[in-house]
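Notes to accompany the following structure.
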Amino acid sequence: MKTTGFNMSPLMRLSAVPRIVPKRWLAALAGAVVAALLVPTAAGASELTLVDIEQAVDTLWVVVAGALVFLMHLGFTMLEAGFTRMKNAANICAKNMMNIAVGMIAYWAVGFPFMFGDGNSFLGYSGWFLSVTDADAASSFSSLDWAGVSISTKWFFQVVFAATAATIVSGAVAERTRFTGYLAYVVVLTAFIYPVVGHWVWGGGWLADLGFLDFAGSTVVHTVGGVAALVGAIVVGPRVGKYTNGRIRVIPGHSMPLAIAGVLVLWFGWLGFNAGSTLKAAGVDFASIVLTTNLAAAAGVVGALVISRVVYRKPDVGMLGNGGLAGLVAITAGCAFVDSWAAAVIGFVAGMIVVLSVVGIDRLRVDDPVGAVSVHAVCGIWGTLAIGLFGTAELTEGLGTAGLFYGGGLNQLGVQALGSLSTVAWVAITCLIVFYGIKYTIGLRVDRMHEVDGLDISEHGMWGYPESVAGSSYMGTPGNGAS
Amino acid sequence: MKTTGFNMSPLMRLSAVPRIVPKRWLAALAGAVVAALLVPTAAGASELTLVDIEQAVDTLWVVVAGALVFLMHLGFTMLEAGFTRMKNAANICAKNMMNIAVGMIAYWAVGFPFMFGDGNSFLGYSGWFLSVTDADAASSFSSLDWAGVSISTKWFFQVVFAATAATIVSGAVAERTRFTGYLAYVVVLTAFIYPVVGHWVWGGGWLADLGFLDFAGSTVVHTVGGVAALVGAIVVGPRVGKYTNGRIRVIPGHSMPLAIAGVLVLWFGWLGFNAGSTLKAAGVDFASIVLTTNLAAAAGVVGALVISRVVYRKPDVGMLGNGGLAGLVAITAGCAFVDSWAAAVIGFVAGMIVVLSVVGIDRLRVDDPVGAVSVHAVCGIWGTLAIGLFGTAELTEGLGTAGLFYGGGLNQLGVQALGSLSTVAWVAITCLIVFYGIKYTIGLRVDRMHEVDGLDISEHGMWGYPESVAGSSYMGTPGNGAS
Amino acid sequence: MKTTGFNMSPLMRLSAVPRIVPKRWLAALAGAVVAALLVPTAAGASELTLVDIEQAVDTLWVVVAGALVFLMHLGFTMLEAGFTRMKNAANICAKNMMNIAVGMIAYWAVGFPFMFGDGNSFLGYSGWFLSVTDADAASSFSSLDWAGVSISTKWFFQVVFAATAATIVSGAVAERTRFTGYLAYVVVLTAFIYPVVGHWVWGGGWLADLGFLDFAGSTVVHTVGGVAALVGAIVVGPRVGKYTNGRIRVIPGHSMPLAIAGVLVLWFGWLGFNAGSTLKAAGVDFASIVLTTNLAAAAGVVGALVISRVVYRKPDVGMLGNGGLAGLVAITAGCAFVDSWAAAVIGFVAGMIVVLSVVGIDRLRVDDPVGAVSVHAVCGIWGTLAIGLFGTAELTEGLGTAGLFYGGGLNQLGVQALGSLSTVAWVAITCLIVFYGIKYTIGLRVDRMHEVDGLDISEHGMWGYPESVAGSSYMGTPGNGAS
Amino acid sequence: MKKVEAIIRREMLERVRDALDKAGFHGLTISEVRGAGTQRGYTESYRGVRAAIMFRPKVKMELVVDDESVEKVISVICENAVTGEVGDGKIFVIPVEDAVRIRTQQKGQDAL
Amino acid sequence: MKKVEAIIRREMLERVRDALDKAGFHGLTISEVRGAGTQRGYTESYRGVRAAIMFRPKVKMELVVDDESVEKVISVICENAVTGEVGDGKIFVIPVEDAVRIRTQQKGQDAL
Amino acid sequence: MKKVEAIIRREMLERVRDALDKAGFHGLTISEVRGAGTQRGYTESYRGVRAAIMFRPKVKMELVVDDESVEKVISVICENAVTGEVGDGKIFVIPVEDAVRIRTQQKGQDAL
Ligand SMILES: Nc1ncnc2c1ncn2[C@@H]1O[C@H](COP(=O)(O)OP(=O)(O)O)[C@@H](O)[C@H]1O
Ligand SMILES: Nc1ncnc2c1ncn2[C@@H]1O[C@H](COP(=O)(O)OP(=O)(O)O)[C@@H](O)[C@H]1O
Ligand SMILES: Nc1ncnc2c1ncn2[C@@H]1O[C@H](COP(=O)(O)OP(=O)(O)O)[C@@H](O)[C@H]1O
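Protein sequences appear in the order of chains A, B, C, D, E and F.
Reminder that position 231 of the first sequence reads as 231 in my numbering, one-by-one numbering, no gaps.
Reminder that position 173 of the second sequence reads as 173 in my numbering, one-by-one numbering, no gaps.
Reminder that position 204 of the third sequence reads as 204 in my numbering, one-by-one numbering, no gaps.
Reminder that position 108 of the fourth sequence reads as 108 in my numbering, one-by-one numbering, no gaps.
Reminder that position 59 of the fifth sequence reads as 59 in my numbering, one-by-one numbering, no gaps.
Reminder that position 32 of the sixth sequence reads as 32 in my numbering, one-by-one numbering, no gaps.
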């Protein structure tokens, strides 16, 4: 048999040297390969066990779901760029790119260890730089032992969540924030602020012990991101011209198609976000989570439509998108704990809340160009509390108590409120420190003239849309008469 | 062992309280979890059976394929927005958002029951609001019993199809249709018109009994959507300025990049649309469907290129996109029934048909800005008939007869024609009623002045591209001298 | 039992006629279906074997990964359109559409056979038009026998790679290349030039025999595409106005948001590109490849940021995107052979290299609007060599030797350099012939006036952005006073 | 020579341009402008905040013609740009002292 | 009649326009222009190559008014468009020989 | 004072602008326009329907200069905007009665 260098050439070698190898990604494969080589089509006898296959199925689902969540960063980029002005479009894209890049590095180095590493009930502290083998993972990340997938799989699924929490802020502070200041914030959030909350809830911390329920992160991801967005928006201040002469002025985003495309990408990614949070496919009806997630999103859009036709005369297109996202944020906590009709109700209410909240926050003179605070913080809290109302006895059995409407009394609602509140407090305090710290050191906000010129040209040296912003034929070589 | 509140914390509980639980998404999982806890890495003995794993694999494929189909709504949004003018771009996005949202609610409430619920050979009528457990699903949705995946999985895969059928219309009636009128249409189509055809073909209805073949919906989805688009375009009438002084005028779309990006997203989603229609992964070579689907799409692009270079001088970029979609629509019915060379032929012919059809329909003074009628109705019919020509004896065995070119005579072709014709008739008649009904009640078309101003500003109160359409600095606060 | 015509109606038939059928996509399914019909929920006894399920899981992963790679064509389209001017945006989209369409047909007909067909160590030559059954696949494509998935699955995963190699060129020769000339190039590259290198490395050719390592294609795909891009850019020459009066002039792309969105789509697709190259899911820790891939990409972005802040004053947004892609290209060869910290280093270095390379290539007066040569050729070579530095003994065991930094000496580095060099030489020579051949026959470059007008209008008869480029109201019907 | 500057509705451009072409006036320059006058903008809203859109889209046509042609040009434009609704636009006549054709450097009437 | 042509900063448009409106000048046409003067462009870079951006975005306002109103219009614009920084812009006064309202074909003063 | 209005090819803008700058004319305003003249548009097609594209993209430069500089400006533009092909563009000279620098309220020559 000829040895080849193709993709899986290791397998080739194995057939030539048929012994047990300790190779990470070939564990337990040797026999199967031999078999496959002997019997090319699917009739051979595999030496993989049922558990190997189960693990493969679980890994496949979690990796695919994680990839969908990764794509949410595209969704956020489009949404935020669409909701802001042309002169800042490249800057928002750059911030989102850096967010995922820097977030990945930070979460790999220390964030994941802080969150899932073994430690106390407030913080984990082991497994820096993921420097564990799968065999050792138990001793470093015991809070994730229940899931059978490899530590790489777990890290990937979690890192895209961490980056999501961070990226929520970039929209709220858009069009006026210094690039380096934003980078500093991202590092702190993904490395520390977010992992701490994650540890409390998912890493075996004190909120987990109390029976706080948050299936996929209405609190852990969205409330964290949304509160950070609120603090960021307050500390950085409103955009030039947003509130002048005592009036609230409209600064429309430059592309609703981009924003709505972003919403659809986010919705797509959210299927992985919620249903992938099982960290498992075999033996779990994760499709029921797909059902609740979709119904909540759909109802959120409808809720936003209804309220915006009642309150304003015409349905605001961006609000429809915000409504869908609101439904998704709200169902994230409870997607595995509520019935489908309840999912629709939770989403519908979230869609209505978000419209009113956007207007309310604007009235408070907090300038949030994309509605991040309303979508992620307000609806994240609503979704967290909703488990205390709609959680069924059957689905929460052994984890918490049924919600108020299912005869469980106020118990679970209280726990949910406590979890929300502690998260809000933690994030508010730490982010205040972070944003003020940045403000008085490397600087949080660009100069007024730079803001008027736009961040694309002032922070990056070129517009994101040079032809649209500056015309077709504006550019020359320096020294040729230009100064 | 510390109890945690993490995502899968139910599992934790199970190990502490090891008894059979009736929990929906944990069915049959208990043993496996215990095992996983004891033996963290992939060496333990699972108590999941082979059937559990098979179901997990099937569910995983159908959910992922369904997610790809969901993303087709992004593709349609981009395609339709790209093929229309800037002043209507946000409106088309809003319609597509509402389409998926309202369609999901309507199909959950009554559409799915009408389509797959038990009933007679014309219509199903059971399982409203999906209010069945998986155990009861057999008694409500027996036509789907053959697939082993859960009812949530089935619903999700089907709802994205229903929404696809509906969304086809939005492009054909773009730039002139009232937002509320469109919403009313979506409800009726996803709740009733589409499910009826679906019941005939996939829900155990009379066309299924006759041996009508439509693997993934050239008829059920695309002909339905395409004929509805035709009726819609006729009833709503052409855009202002499209046919004036006896001439056909060009109203170019505002962004070919957006449109072509939409085509690529649709192509991506179509892989799930066709190959996911197996509703099964284990034991099924669904990759052969991926092969036929890709070849038809590729050949469709080439077909459109060839014909457009022959007929016009220059290859129209949008037409290349339409050609690819035409190939995809045409192969949808036969993707599992034809050889790969036949797939290429079917796609190539579809690519040629669509170019001629777009021109022909324009000559008939039916204003279809995106070519929806040509792509979905005309090529949907072509694809349905093509099974009667190219279906191989082997692949259609037991379901129908081989096609004309495989010695099966005209039998299957006749059945296919009958199925197409009945579908066209049903949709044409019901949609005529619906669109005229809307026209004479809530209104189907916007005022002429609103149409000239654009639907973004007149229906939604703000342009989709404020800076591009209205300039950078056009906006003030009301009362400051503006009326 | 009622017979239905639904998607999987074949299954229905099987239960009525329970005998072994030779049907391609139903192989081995019969028993399972009967079981499923008897026991609708997941409690029945399947007759599928563990090997069947293993194959299903493997197929599922490879198909999904292939679909992600397919989506990279959307990413390339967006990236290239974003980095070029408005007047050429539709043309670049058309070229990318044709690229995938024509590439698919060519690779189906002859490319795949040349690459994986049985032949000699330089070229394969069997299995034209994929005309083999799975049973015969062994005799035609024995170099792929090690993978248990069906031949359709293998073709799909490979064809999207082939099209990727081809599409790299379209960006480098953008804004000035004749549409038909480009088509001719695509046919030759996907049908022959790329498959030859592929055969050497993955099809059992001489480089495979030497122990050359390229897990997912830094050499096979990216170096091939990048060198072809270099030759193309040189032969077609720089854009009008790019180098005038001895100065390098800036011709900015029209949309950074589009370009960065393209980068994120590419990153998403790359997860499938690298981790799917296992061609297998069961028993393989493909998630560790997801880990290395993400870290390299993230580090590439950071590397580009660092160097661009050092060299220029402001971080160029497009360069951040190029940095991420550079990291991805560089880790493609070694994603399964290096530790995670090494992945981060490889990516970081790639991100720095790409920034300097883009500037350097521009100084050499080679006009590459999107940086394709730097990203794909330069970083492809870097990534290939990096295995010779960072490959661990454990992960390369039996395939090659450990890298320099792991005590393996210069052996592997030498083999890697030889592989890179041979590929560069082969592609450079054949592409020179191809591009000069096109230049002196059907023509490679558009007329100067057509280039100034833009390729959209001159090659396709309409702008990609009619309203932005030409204004809202510029168009009339011919004969009405227009000439 | 005079420059006739007409601000018209965008949707009337083609008709006006064709009529001018038929009347023998081939040379003209257009640009996209926004205007307010008797016709005001809209008051709309965005994310719940009311906003005044101060201007309507219009197109400006500029034709430089010899003095005798001014009346003719005005009447052709008026006939073809009129809808009778507020917002049809205005025509202004501005003196031009000289004209040059860049290609040939011809001056005055010959440049047109 | 005169045409008052003002090149101002884009961010001052709303204020100027409101002030003109209050002063009774409702009719005007604006367009997006780019300019250079005492204030120059930027020198920036793209993909490592330095580039001069020659112009800054400005907005041009055109108002045709009767001769007596010219001073008033100029002073309203000056008051409201000024920031004191280089680049505030210029106003030019150009003679207009005639004006026509397309809708009614009124001429001269009545057309405004 | 005169306003020199030049309609030129977009691709010549940089050269013309640099030449003017070297000749001491720093103040100018440009805008994107479309034009027709001896050079006509294209007849193309979209989705199988023929369409006339009536105008070509051009750029309009406006410089207000004192009377003596007019000839100089014209000759600089002519030299640098010419390709010799139809469509090179036109220059028009229009009287300006007054100019104001908004920042300083300087009038006349001093405002330029
Ligand atoms: N005094 C003016 N100066 C400059 N442009 C004007 C003036 N008045 C009106 N316009 C332009 O003419 C357009 C139409 O004028 P308007 O008064 O609204 O309608 P009508 O001419 O039908 O009464 C305006 O939108 C504006 O662009
Ligand atoms: N001579 C001129 N002709 C035409 N437009 C001019 C002239 N000088 C200046 N401008 C316009 O006025 C704008 C502001 O002029 P500038 O000289 O930069 O500032 P300031 O008027 O404050 O000294 C320029 O950007 C340009 O659009
Ligand atoms: N009479 C005119 N009035 C206003 N603009 C004109 C006139 N004639 C030509 N132009 C402008 O000048 C441009 C070039 O004119 P054209 O006649 O095509 O070329 P050339 O000047 O080389 O003969 C036109 O596209 C148009 O913008």
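Note that CB positions come from ideal geometry on N, CA and C, so glycine has one too.
Check                                                                                                                                                                                   : Outcome
Secondary structure at K72 of chain F, three-state DSSP: helix, strand or coil?                                                                                                         : helix
Mind listing the chain D neighbours of I248 of chain B? Cutoff is C-beta to C-beta under 9 Å, in chain order.                                                                           : Going along chain D, no residue has its Cβ under 9 Å from I248 of chain B, so there is no contact; the nearest lies around 14 Å.
Who are the Cβ neighbours of Y521 of chain B in its own chain at under 8 Å, not counting the five residues just before and after it?                                                    : Since the first residue of chain B shown is 1 and the last is 483, residue 521 of chain B is not available in this structure.
Give me the chain C residues within the contact set of G108 of chain E, using Cβ-Cβ distance strictly less than 8 Å, ordered along the chain.                                           : Near G108 of chain E there are no residues of chain C at all, since even the closest Cβ is about 29 Å away, more than 8 Å.
What is the DSSP secondary structure of P238 of chain C, counted as helix, strand or coil?                                                                                              : coil
By Cβ distance below 6 Å, which residues in the same chain neighbour V33 of chain D in space, the five residues on each side in sequence not counted?                                   : K58 and K60
For K2 of chain F, does the three-state DSSP call read helix, strand or coil?                                                                                                           : strand
So, using beta-carbon positions, are G232 of chain C and A296 of chain C closer together than 7 Å?                                                                                      : no
Note down, in chain order, every chain F residue with its Cβ under 9 Å from the Cβ of I91 of chain E.                                                                                   : D98, A99, V100, R101, I102 and A111
Touch check for the segment 457-468 of chain A and the segment 256-273 of chain A: three-plus C-beta pairs under 8 Å?                                                                   : no
Against chain C, does V57 of chain A count as a neighbour if the rule is that its beta carbon must be under 7 Å from one of theirs?                                                     : yes
Does at least one heavy atom of ligand 3 sit under 6 Å from the Cβ of K63 of chain D?                                                                                                   : Sequence inspection shows Leu at residue 63 of chain D; the Lys mentioned does not correspond to that position. Yes, the beta carbon of L63 of chain D sits closer than 6 Å to at least one heavy atom of ligand 3.
Please list the partners that V484 of chain C has in chain F, where partner means a Cβ-to-Cβ separation under 8 Å.                                                                      : What is shown of chain C runs 1 to 483, which leaves residue 484 of chain C out entirely.
Taking its Cβ as the centre, do 16 or more other Cβ atoms sit within 10 Å of K22 of chain D, making it buried, or is it exposed?                                                        : exposed
So what does DSSP say about A174 of chain C, is it helix, strand or coil?                                                                                                               : coil
Any heavy atom of ligand 3 closer than 6 Å to the CB of Q109 of chain D?                                                                                                                : no
Between which two residues does the alpha helix (DSSP H) carrying I438 of chain C extend?                                                                                               : N411 to K439
Strictly by DSSP, which residues pair up with D98 of chain E?                                                                                                                           : D:V93
Hey, is S45 of chain F's beta-carbon within less than 7 Å of any beta-carbon in chain B?                                                                                                : yes
C78 of chain E and I53 of chain F - do their beta-carbons sit closer together than 7 Å?                                                                                                 : no
Say yes only if the C-beta of R485 of chain B is nearer than 6 Å to one or more non-hydrogen atoms of ligand 2, and no if none qualify.                                                 : The structure shown does not extend to residue 485 of chain B, since chain B spans only 1 to 483, so no value can be given for it.
Anyone know if the C-beta pair for K87 of chain A and V469 of chain A falls short of 7 Å?                                                                                               : yes
So the candidates are A:G124, A:Y440 and A:T180; which of them puts its Cα closest to the Cα of R313 of chain C?                                                                        : A:T180
When the cut-off is 7 Å and only beta carbons count, does E467 of chain C lie next to chain E?                                                                                          : no
Within 7 Å (strictly less), CB to CB, does V306 of chain C reach chain E?                                                                                                               : no
Give a yes or no on whether 7 Å exceeds the smallest Cβ distance from A42 of chain C to chain B.                                                                                        : Unreliable placement is indicated for A42 of chain C, whose pLDDT of 37 sits below 50; the coordinate value is still reported in the next sentence. A42 of chain C counts as touching chain B.
So, is the C-beta of A19 of chain D closer than 7 Å to a C-beta in chain A?                                                                                                             : no
Leaving aside the five residues before and after V197 of chain C along the sequence, list all residues of the same chain whose C-beta is less than 6 Å from its C-beta, in chain order. : V220, V224 and T423
Output yes or no for whether 7 Å exceeds the beta carbon distance between A67 of chain C and M104 of chain A.                                                                           : no
Compute the minimum distance between the beta carbon of D21 of chain E and the heavy atoms of ligand 1, and state whether it is under 6 Å.                                              : no
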